[in-house]
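Under my numbering, think of the first position of the sequence shown as 195, with each following residue one higher.
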Amino acid sequence: MAKKYESEFPKLKLFTIDEEFGGWTKAQKEHFSNGGTFDQISKR
195 MAKKYESEFP KLKLFTIDEE FGGWTKAQKE HFSNGGTFDQ ISKR
């Protein structure tokens, strides 16, 4: 199925949480804990 439509959509560069954010534990702490990135960008 993917082969059929590959010319219609750009190729995506996939990544893992480990590669980009240092693992789930680190990502959770930095981005989703109290005062993390999510809190800083979301309205209260």
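We treat Cβ as the ideally placed atom computed from N, Cα and C, and that holds for glycine.
Keep in mind the model is a prediction, meaning the values are calculated, not measured.
So is the beta-carbon of residue i under 7 angstroms away from any non-hydrogen atom of the ligand ADP?
| i | result |
| --- | --- |
| THR231 | Summarising the ligand content, the structure contains no ligands, and the ligand ADP is consequently not present. |
Specify the secondary structure class of residue i as computed by DSSP and reduced to three states.
| i | result |
| --- | --- |
| GLU224 | helix |
| THR210 | coil |
Pull up the distance between the alpha-carbon of residue i and that of residue j, whole angstroms please.
| i | j | result |
| --- | --- | --- |
| THR210 | ALA221 | 11 angstroms |
| GLU200 | LEU206 | 11 angstroms |
| THR231 | LYS237 | 12 angstroms |
In terms of residue numbering, what span does the alpha helix (DSSP H) encompassing residue i cover?
| i | result |
| --- | --- |
| PHE203 | Per DSSP, PHE203 belongs to no alpha helix (DSSP H) and is neither H nor E. |
Who are the near neighbours of residue i in its chain, counting only those whose CB is closer than 8 angstroms to its CB and skipping five residues on each side?
| i | result |
| --- | --- |
| GLY217 | ILE211 |
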